[in-house]
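K.L.:
Quick note on numbering: the sequence shown equals residues -34 to -1, 1 to 272 in mature numbering (1 follows the signal peptide of the UniProt record, and there is no 0). One structure, pasted below without further comment.
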Amino acid sequence: MRILEIQLKSSMKYMKVFTLVIVCCLFFASSAFAAVSLAYPQKAGLGEPFLVRITSDTNLDSASVNWLGAAVHPEIENWKGKYVALVMLGTDVLNDKAGKKNLTIKVVENGKERSFKRKIKIYNKKYKVQRLTLPEKMVTPPKEVLERIRHDSVEVKAAKETQSAKKMWAVPFIKPTKGAESSPYGARRILNGIPKNPHRGLDFRGTKGTDVCAMADGKVILVKNHYYAGNCIYLDHGNGVVTMYFHLSQFDVKEGDMVVRGQTIGRIGATGRVTGPHLHMSASVQGKLVDPSFLLEKNTDKLLGL
């Protein structure tokens, strides 16, 4: 009887030790995988840009974000003792459709890889209809300029899909010129009675010669004259974010220049397909032309869905 009592006490002791070991293992395992937090919107309108933020309390070695077929590898920044990666994503009012879209995030934290799968609901928005009258050659270009237009398109595609590792942008961006907005993103355009693609940018009022400035720090990647855009400048802000400025009368920068937020890069003009002097600007996010007005939003939590 005495022997049985001793064995029972010994078994209970080992059970307590075993339970404590299991609890400790679970605690440390959960601690190792509880440091990453994600912020992103549950839904966004078609054509809207938005942000995804990845935050870790411990060392974040790398991160990748997959969205609509594009893989983005954000720069890891140290902010208030935390490791943070910020990615800008979005949809294009012309080329994308509403519905639930997959968002896949992978991180390597202290050498260990984790994967998160989420969904973001993209919903349709109601955009304005604009009727404009333009010279016929600008609506239906003559055959002799078609090759030029094709060449322009190749340059534009390469520029707006630029991916550079260093993130130079910060939200909010600033207005590119002092004039008021005159034509919104997404407007369904009817040119000389013919339905055309929606307006994938913002137009700003201004007289010829008015300053146009960089909306964020960046690098000048294209300075050209295109058939539709006229004199245009493309700025790479890093990590898949590109802004472009059309119909300029003058260039104040050249390809390869580094520019800072607010720096004058050109002047408003009336070159290309226009009805008069103004600035058209567009924003490309991971190759998709999004609504630039959201980049001017001062409450950046809205871009994160907070």
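C-beta: ideal position from N, C-alpha, C; glycine also. Since the structure is predicted, the reported quantities are computational estimates derived from the model, not experimental observations.
Taking Cβ positions only, does R171 come closer than 7 angstroms to chain D?
P.N.:
Judged by its chain identifiers, the structure shown contains no chain D, having just a single protein chain.
K.L.:
Given that a residue counts as buried once 16 or more other Cβ atoms are within 10 Å of its Cβ, and exposed if not, what is T143?
P.N.:
What you label residue 143 is simply residue 177 of the sequence shown in a count that begins at 1. Classification of T143: buried, given that the 10 Å Cβ count is 16 or more.
K.L.:
Give the range of the alpha helix (DSSP H) segment to which R114 is assigned.
P.N.:
By one-based count along the sequence shown, residue 114 stands at place 148. Per DSSP, R114 belongs to the alpha helix (DSSP H) from 112 to 126.
K.L.:
Any contact between the region 118 to 132 and the region 172 to 192? By contact I mean 3 or more CB pairs, one from each, below 8 angstroms.
P.N.:
The region 118 to 132, when compared against the region 172 to 192, does touch it at the 8 angstroms Cβ threshold.
K.L.:
What residue range is occupied by the uninterrupted alpha helix (DSSP H) comprising K92?
P.N.:
Residue mapping note: residue 92 aligns to position 126 of the sequence shown, counting from 1. It is not in any alpha helix (DSSP H) - K92 carries neither H nor E in the DSSP assignment.
K.L.:
What separation, rounded to the nearest whole angstrom, lies between the Cα atoms of H39 and E127?
P.N.:
Along the sequence shown, read from residue 1 onward, the residue named residue 39 stands at position 73. Along the sequence shown, read from residue 1 onward, the residue named residue 127 stands at position 161. H39 and E127: Cα-Cα distance of roughly 14 angstroms.
K.L.:
What did DSSP end up calling I86 once you bin it into helix, strand or coil?
P.N.:
Sequence index remark: in the sequence shown, residue 86 carries index 120 (1-based). Residue state, collapsed to three classes: strand.
K.L.:
Please tell me whether L100 and L60 are closer than 7 angstroms, where the distance is taken between their beta carbons.
P.N.:
Locating residue 100 in the sequence shown gives position 134, counting from the first residue. Locating residue 60 in the sequence shown gives position 94, counting from the first residue. Against a cut-off of 7 angstroms, the Cβ pair of L60 and L100 comes out as no contact.
K.L.:
Buried or exposed, going by whether 16 or more other CB atoms sit within 10 Å of the CB of C(-11)?
P.N.:
Along the sequence shown, one-based indexing puts residue -11 at 24. Because C(-11) carries a pLDDT of 44, less than 50, the predicted location of this residue cannot be relied on, and no value is offered for it.
K.L.:
Is it true that the CB of V178 sits closer than 7 angstroms to the CB of L245?
P.N.:
Along the sequence shown, read from residue 1 onward, the residue named residue 245 stands at position 279. Along the sequence shown, read from residue 1 onward, the residue named residue 178 stands at position 212. Yes. Within cutoff.
K.L.:
Kindly list the residues whose CB is nearer than 6 angstroms to the CB of A(-3), restricted to its own chain and excluding five residues on each side of it in sequence; keep chain order.
P.N.:
By one-based count along the sequence shown, residue -3 stands at place 32. For A(-3), the predicted model reports a pLDDT of 44, less than 50, meaning its position is unreliable; a value from the coordinates is still stated below. Result list for A(-3): empty, nothing under 6 angstroms.
K.L.:
Roughly how many whole angstroms lie between the Cα atoms of T173 and L270?
P.N.:
In the sequence shown, the residue the question calls residue 173 occupies position 207. In the sequence shown, the residue the question calls residue 270 occupies position 304. Answer to the nearest angstrom: the Cα atoms are 36 angstroms apart.
K.L.:
Tell me the DSSP secondary structure of E221 in three-state form.
P.N.:
Here residue 221 corresponds to residue number 255 of the sequence shown, with the count starting at 1. In the structure shown, E221 sits in coil (DSSP, three-state: anything other than H, G, I, E or B).
K.L.:
Any idea if S3 is buried or exposed, counting beta-carbon neighbours within 10 angstroms, 16 or more meaning buried?
P.N.:
Here the question's residue 3 lines up with position 37 in the sequence shown. Exposed: under 16 other Cβ atoms inside 10 Å.
K.L.:
Name the DSSP beta bridge partners of G196, please?
P.N.:
On the sequence shown, residue 196 is found 230 positions in, with the first residue counted as 1. According to DSSP, which records beta bridges pairwise, G196 is partnered with H192.
K.L.:
Assuming V251 and M104 are in contact, meaning their beta carbons sit under 8 angstroms apart, how far apart are those beta carbons, in whole angstroms?
P.N.:
Here residue 251 corresponds to residue number 285 of the sequence shown, with the count starting at 1. Here residue 104 corresponds to residue number 138 of the sequence shown, with the count starting at 1. The pair is not a contact, with the Cβ atoms about 28 angstroms apart (cut-off 8 angstroms).
K.L.:
Helix or strand or just coil, what does DSSP make of S22?
P.N.:
Translated into positions along the sequence shown, residue 22 becomes position 56. The answer is strand: DSSP assigns S22 an E or B state.
K.L.:
Roughly how many whole angstroms lie between the Cα atoms of F212 and G242?
P.N.:
Position 246 of the sequence shown, counted from the start, is the residue given in the question as residue 212. Position 276 of the sequence shown, counted from the start, is the residue given in the question as residue 242. About 12 angstroms.
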